[in-house]
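Asks: First the structure, which I've put down as structure tokens, then a few questions once you've had a look.
In this note's numbering, the protein residues as written are 31 to 116.
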């Protein structure tokens with residue numbers, strides 16, 4: 031599962047859940063939850079390089095490397111509420 035997040039969540043499914051941070055601040059803050067920092071694009075990393083790194087992460091996980099949710103044993107189903115979360 032590819033899961034993009036702007037606020038961060040430890041959510042993990044029953045299969046590897048690759049967390050993609052939409053900003054680098056979140057990726058730095060939640061290192062144990064986030065597998066890939068897409069916010070690097072805004073800080074000057076070229077899209078082709080970022081894409082290559084992203085694909086490498088996905089291939090590594092497909093080949094058996096554990097995603098953060100697996101390393102930290104986050105394997106729960108969560109029903110997200112629609113609307114404002116306080």
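No residue lacks a Cβ here, since even glycine has one placed at the ideal position from N, Cα and C.
For residue 44, which beta-bridge partners are listed by DSSP?
Replies: According to DSSP, which records beta bridges pairwise, residue 44 is partnered with nothing at all.
Asks: Rounding to the nearest angstrom, what Cα-Cα distance links residue 50 and residue 68 in this structure?
Replies: 6 Å
Asks: Closest to residue 54 by CA distance: which of 91, 34 and 44 is it?
Replies: 34
Asks: To the nearest angstrom, how far is the alpha carbon of residue 46 from that of residue 85?
Replies: When only Cα atoms are considered, residue 46 and residue 85 end up about 15 Å apart.
Asks: For residue 117, which residues from the same chain have a beta carbon less than 8 Å from its beta carbon, with the 5 sequence-adjacent residues on both sides left out?
Replies: Nothing can be reported for residue 117: it is not among the residues displayed for the chain, which extend from 31 to 116.
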